[in-house]
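As numbered in the numbering used here, residues 1 to 348 make up the sequence shown, in order.
Written below as structure tokens is the structure these notes are about.
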Amino acid sequence: MKVAFYGVGAIAGMVIKHLLKRGRLRIVAAVDRDPNKIGRDLGLIVGARKTLGVPVSGDGEALIKAKPEVTVHAATSRLEEAYTHIMECVEAGSHVVSTCEELYYPELKSRSSALDLDQAAKKRGVSILATGINPGFMMDTLPILLTAPCVSVECIRVERVIDAARRRPSFQSKIGMGLTMEEFHAKVKKGELTGHIGLEASLAAISHVLELRLSQVYAPPPEPVIVERELKLCDLTLRAGMVSGLRQRAVGIHDGVEVLSLELWAYAKPPEEYDSVKIKGEPSLNLKIIGGVHGDLGTVGMIVNSIPYIMKAPPGLHSMFEAVPVHALKSGFNRNLTRKHMRFNPQP
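Here it is in structure tokens:
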């Protein structure tokens, strides 16, 4: 199988190294807009310890020449930028697996862009899928799947706690690690610090699949997590009072009560790392993954394991939650309970 890459950053590098171990896949092209990467050998850029004979190109013409069967797109979180990239892949006749968070549920940002991508893919006979660990699995696809044995569902709460000290510097910067509280709030206000992109998309996906009619979606700005005592990390010392990360929430409300709650904690050295899904219903379910799923490695797994799926999928734009074979039915989602029954106790 001939594979190409659009975007040659840290995640793409991890995917490339994994694919090289698997064999039977041939990397035929790579595209990146970074002038420092253009013209250089892909293997040297991603630290593969050998040349791959694939120079990085600055535009999509390389895809047209190489004719890849599938392209891994890992260049941006924003749909506005990804739209052009993915159109270039589609025009080259390539299936696409993308890590773009806003593409996971693109109707939130631009329904017209989603329709354009879908129609272009169908015209060229290829398929497009946005995936990753979050959004893509932990806080959306997994909770949807877990509703399968439920004859009724009252509410769903998903929580993810990440030790940001174990993540890439770019991720640490994205969550405001090392800033003062004043700097954190200033960057959030200016739109320079967004934290995790995709929480609202995950909420929308769950709501869509379970056919909920939410009266309100509440997604407040990220909140800083403050260091109480000095923390020494590998490349950074966080003094007391500095920001070690953030907390983000997205809540779906129906008739004044929370029926969906997604909460992400990403900061240095939490007491415990975990992923949890709590479903109140009949029966109730409580899943906790002790230690959590590492975001980078999990994303690599989702990308690699999605390639066979998208190669067999009908032409068009697809969503991860389409792959969930069974889930709770709309009629099984109980909306007649009181606020007392619907709310979870607040976290400390």
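The beta-carbon is built from N, C-alpha and C at its ideal position, and this holds for glycine as well.
Need the endpoints of the beta strand (DSSP E) that residue i sits in, please.
i, result
"S244", "243–254"
"H95", "95–98"
"K37", "Counting along the chain, K37 falls outside any beta strand (DSSP E), and DSSP gives it neither H nor E."
"I128", "127–130"
"H185", "That residue, H185, is in no beta strand (DSSP E); its alpha helix (DSSP H) goes 181–190."
"A30", "26–31"
"K2", "2–6"
"L115", "Note, L115: premise wrong, no beta strand (DSSP E); alpha helix (DSSP H) at 111–124."
With 16 other CB atoms within 10 Å as the buried threshold, where does residue i fall?
i, result
"M342", "At M342 the pLDDT is 30, less than 50, meaning the model places this residue with poor confidence and gives no usable figure here."
"I290", "exposed"
"R249", "buried"
"P149", "exposed"
"R157", "buried"
"K232", "exposed"
"L264", "buried"
"V161", "buried"
"T147", "buried"
"R167", "buried"
Which whole-angstrom value describes the C-beta separation of residue i and residue j, a residue pair presumed to lie in contact below a C-beta threshold of 8 Å?
i, j, result
"F321", "I64", "The pair is not a contact, with the Cβ atoms about 32 Å apart (cut-off 8 Å)."
"H95", "S127", "5 Å"
"I303", "T99", "7 Å"
"Y267", "V225", "4 Å"
Please state the DSSP three-state secondary structure of residue i.
i, result
"A164", "helix"
"G281", "strand"
"K17", "helix"
"V227", "coil"
"P106", "helix"
"L42", "helix"
"A268", "coil"
"I355", "Here the chain covers residues 1 to 348 and nothing more, so residue 355 does not appear."
"I11", "helix"
"A328", "coil"
"P346", "At P346 the pLDDT is 32, less than 50, meaning the model places this residue with poor confidence; the figure from the coordinates comes in the next sentence. Three-state result, P346: coil."
On the DSSP letters alone, give me the boundaries of the alpha helix (DSSP H) that residue i sits inside.
i, result
"Y208", "Checking the sequence, you will find His at residue 208 rather than Tyr. Counting along the chain, the alpha helix (DSSP H) containing H208 begins and ends at 199–209."
"E91", "79–91"
"T141", "141–146"
"G301", "295–312"
"F171", "169–174"
"L63", "61–66"
Identify, in the order they occur along the chain, each residue of the same chain with its Cβ nearer than 8 Å to the Cβ of residue i, setting aside the five sequence neighbours on each side.
i, result
"K37", "V8, I45, V56"
"I300", "According to the sequence displayed, residue 300 carries Val and not Ile. Excluding positions up to five away in sequence, the list reads I11, M14, V15, H18."
Less than 7 Å between C-beta atoms, sequence neighbours within five positions excluded: which residues of the same chain meet that for residue i?
i, result
"E223", "L246, R247"
"G198", "E101, Y104, N134, P135"
Kindly list the residues whose CB is nearer than 6 Å to the CB of residue i, restricted to its own chain and excluding five residues on each side of it in sequence; keep chain order.
i, result
"E107", "A114"
"P346", "Unreliable placement is indicated for P346, whose pLDDT of 32 sits below 50; no coordinate value is reported for it."
"P348", "The predicted model places P348 with a pLDDT of 31, which falls under 50 and marks its position as unreliable; any figure quoted below should be read in that light. Answer for P348: no residue qualifies."
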